[in-house]
Amino acid sequence: MALTAPRRASAPGRHLGTPLSTAARYLAALAVVGVTAVPLLFVVLGGFRTNAQINAHPTGWPHPWVFSNYTRILGSSSFWRFLFNSTVIAVTATALTVVLGAMAAYALSRYVFRGREGLYTLFAVGLLFPLGVASLPVYLLLRQLHLLETWYGVALPQAAFGLPVTIVVLRPFMAAIPGEIEDAAAVDGCTRLGFFWRILLPLARPALVTVAVLAFLGSWNGYQLPLLVFNDQSHFTLPLGVATFQSQYSQDTASILAFTALSMLPALAFFVFAERRIVGGMTGAVKG
Numbered sequence: 019m020a021l022t023a024p025r026r027a028s029a030p031g032r033h034l035g036t037p038l039s040t041a042a043r044y045l046a047a048l049a050v051v052g053v054t055a056v057p058l059l060f061v062v063l064g065g066f067r068t069n070a071q072i073n074a075h076p077t078g079w080p081h082p083w084v085f086s087n088y089t090r091i092l093g094s095s096s097f098w099r100f101l102f103n104s105t106v107i108a109v110t111a112t113a114l115t116v117v118l119g120a121m122a123a124y125a126l127s128r129y130v131f132r133g134r135e136g137l138y139t140l141f142a143v144g145l146l147f148p149l150g151v152a153s154l155p156v157y158l159l160l161r162q163l164h165l166l167e168t169w170y171g172v173a174l175p176q177a178a179f180g181l182p183v184t185i186v187v188l189r190p191f192m193a194a195i196p197g198e199i200e201d202a203a204a205v206d207g208c209t210r211l212g213f214f215w216r217i218l219l220p221l222a223r224p225a226l227v228t229v230a231v232l233a234f235l236g237s238w239n240g241y242q243l244p245l246l247v248f249n250d251q252s253h254f255t256l257p258l259g260v261a262t263f264q265s266q267y268s269q270d271t272a273s274i275l276a277f278t279a280l281s282m283l284p285a286l287a288f289f290v291f292a293e294r295r296i297v298g299g300m301t302g303a304v305k306g
C-alpha cells in the first residue's frame, strides 16, 4: 500500500484573499482611469458641442456633433505658430538634455576619480529644486545674456534642470554594462569616445528613450519659464497660447475646450507611443 504525504493545510482566508485583492486592484485601476481619462474625454467632447449645449447640459453628449470649433482652430495661423514654437523648444531642450546627460552619466559611471560620488550627489540633490524655485535668478541671468524673447532662453534652462533626472536614470544603466565589453573594444582599437558612441549608447537605448520622453514632456508642458521669457505672442508656446486664447474668448467655452484638446494631442500621443519604453527604462534604473 503506497503512502501519500499529508496535504498541507491552507491558511484560513487564503483563497478568499486572492479574489478580494484582485477586485481591489481592478477598483484602483478604474479609479485611476476615471480620474485621468474622464476629464480628457470631457474636454475633447466639449469641443464638439455648442455653447448652448454646454450651458444646458455641461456633461451631456454632443447632439448634434459640431465640427466647426476644431476646423476653425486648425485653420488659424496662431495655433500652428504656437505648435511650431513648442516643437522647436521641446526638441532643442530634449537633445541638449540627452546628449549632455549621457556624457555626464558616462563619466560618473565608467571613470574613477576623486569627488565622483560627491558630484553625483550634487546632481541627485538637484531633483529637489524645480525650475520654479529659481525663476528670478534664471530670469536675471537670461536678461544679462540677452536671451529673452528667444527659443534658447527657454530651451537652455529646461535642459539644465532636466540633467539631474537624466543622470540619475542613465548612470545605473551605463554602470551595469560589463567592463569586459569595454576591454574587448579597446583590444580592437576602439577609443573611449568610440566605445561611448558605438557601443555604450546603443546598449543604453531603453534608458535614453526614457529620459528623452521625460525631457520632451517636461519641456512641452512648461508654462512658467516661457511666461517669464516671452512677451511677444508670436513667440508663445502652446501652454501660453491656451491661456491667451482663453482670455481672449472667455465667453466661448466650446472653442476653448477644442483649443485645449488640440494642444494636448501631440504630447498625449507621444506619451502613449513611448509608454512601454518609459516603464522599461525606469525599471532598469531602479534595479541599478
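In our numbering, each residue's number is its place in the sequence shown (first place is 1) plus 18.
No residue lacks a Cβ here, since even glycine has one placed at the ideal position from N, Cα and C.
{"Check": "Proximity below 8 Å, CB of A272 to CB of G65", "Outcome": "yes"}
{"Check": "Selected residue, minimal CA-CA separation from H253, among T68, W169, V62", "Outcome": "W169"}
{"Check": "Environment of R67 [buried if 16+ CB atoms lie within 10 Å]", "Outcome": "buried"}
{"Check": "Short Cβ contact (8 Å threshold) for G150 with Q242", "Outcome": "yes"}
{"Check": "Range of the contiguous alpha helix (DSSP H) that encloses D250", "Outcome": "Careful: D250 lies outside any alpha helix (DSSP H) and carries neither H nor E."}
{"Check": "Contact belief for A309 with L181 at Cβ below 8 Å, rounded distance in angstroms", "Outcome": "Outside the displayed range of the chain (19 to 306) lies residue 309, so it cannot be described from this structure."}
{"Check": "Residues of its chain near N5, where Cβ-Cβ distance is below 6 Å and the 5 sequence neighbours each way are ignored", "Outcome": "Residue 5 cannot be examined here, being either before or after the span of the chain that is shown, 19 to 306."}
{"Check": "Nearest to A230 (by Cα), restricted to the options T112, M282, L163, V183", "Outcome": "T112"}
{"Check": "Cβ neighbour criterion (16 or more within 10 Å) applied to A204", "Outcome": "exposed"}
{"Check": "Contacts around F291, its chain only, beta-carbon distance under 7 Å, and the 5 residues preceding and following it disregarded", "Outcome": "none"}
{"Check": "Backbone secondary structure at F277 - three-state DSSP", "Outcome": "helix"}
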